[in-house]
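Undergrad: Take a look at the following structure, please.
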Amino acid sequence: GNSVTQMEGPVTLSEEAFLTINCTYTATGYPSLFWYVQYPGEGLQLLLKATKADDKGSNKGFEATYRKETTSFHLEKGSVQVSDSAVYFCALSDNAGNMLTFGGGTRLMVKP
Amino acid sequence: DTAVSQTPKYLVTQMGNDKSIKCEQNLGHDTMYWYKQDSKKFLKIMFSYNNKELIINETVPNRFSPKSPDKAHLNLHINSLELGDSAVYFCASSQGKHGGYTFGSGTRLTVV
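Those sequence lines, one after another, are chains L and Z. Using the working numbering, you'd call the opening residue of the first sequence number 20 and step up by one each time. Using the working numbering, you'd call the opening residue of the second sequence number 75 and step up by one each time.
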């Protein structure tokens, strides 16, 4: 079956540091890939997505590239802010779009 | 207007009770979901409905019964609540494989 593996947290960074959160996946066919963010006490919000190989999703300074050869979708941001502190989830959608499979989530803490 | 709304936001109840969580979406999406998030933030799908029809029913105890009266609503009824049912339950909706999900803000269920 499909699965998503992402680096365990927490990841603690100083403001303006560079962020990478690794995500790799196992899937049959051609899944779509997503990053979601969950701020404390809230639901998940779609951060960015990529629907085919070599696509780059980007939003709010975050970006991730769909790498089929390495089955990866790493999340990056050049300069993090305190307000980016949250839990980040990598996810993939099966071919039929019937189900999102999530990674275990990575907590990011950004200190001033 | 809230796109996916679920009620109640908090639910504290005793073991053995029966409770329901309601979810409504005003996005016109065809597919709705229930996810369970445990204390370690791990997200697991429970059910998926497409146009009122059940399409995914993961390994969930029979005490959990979803009901979809129309494609804008997906309710979750839980019988004979147990301590292990304590979690945050998220409703979500989607349209197609590439659109990503829109999540509700969650219902924190605490069984005492």
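For each residue, glycine too, the CB sits at the ideal point set by N, CA and C. For clarity, every value in this text was computed on a predicted model and none was experimentally measured.
Look at the Cβ atom of Asn-41 of chain L, then the Cβ atom of Gln-25 of chain L, and state whether they are nearer than 8 Å.
TA: Going by C-beta atoms, Asn-41 of chain L is nearer than 8 Å to Gln-25 of chain L.
Undergrad: Can you check DSSP and say which residues form a bridge with Thr-45 of chain L?
TA: In DSSP, Thr-45 of chain L forms a bridge with L:Ser-22.
Undergrad: Name, in chain order, the residues that DSSP records as bridge partners for Thr-70 of chain L.
TA: Bridge pairing for Thr-70 of chain L: absent [DSSP].
Undergrad: Let me make sure I understand the geometry here. Which of Z:Glu-132, Z:Asn-124, Z:Gln-88 and Z:Asp-92 has the alpha-carbon closest to that of Lys-145 of chain Z?
TA: Residue Z:Asn-124 is the option with its Cα nearest to Lys-145 of chain Z.
Undergrad: Check whether the Cβ atoms of Ala-51 of chain L and Lys-68 of chain L sit closer than 8 Å, and answer yes or no.
TA: Note that residue 51 of chain L is Ser in the sequence shown here, rather than Ala. Going by C-beta atoms, Ser-51 of chain L is nearer than 8 Å to Lys-68 of chain L.
Undergrad: Near Thr-43 of chain L, what residues of its chain come up, given a Cβ to Cβ distance below 6 Å and the 5 sequence neighbours on each side ignored?
TA: Thr-24, Thr-90 and Ser-91
Undergrad: Please report the distance separating the alpha-carbon of Ile-152 of chain Z from that of Tyr-163 of chain Z.
TA: 12 Å
Undergrad: Determine, using beta carbons only, whether Leu-38 of chain L and Lys-96 of chain L come nearer to each other than 8 Å.
TA: yes
Undergrad: Using a Cβ cut-off of 9 Å, pull out every chain Z residue sitting near Phe-108 of chain L, in sequence order please.
TA: Lys-115 and Leu-117
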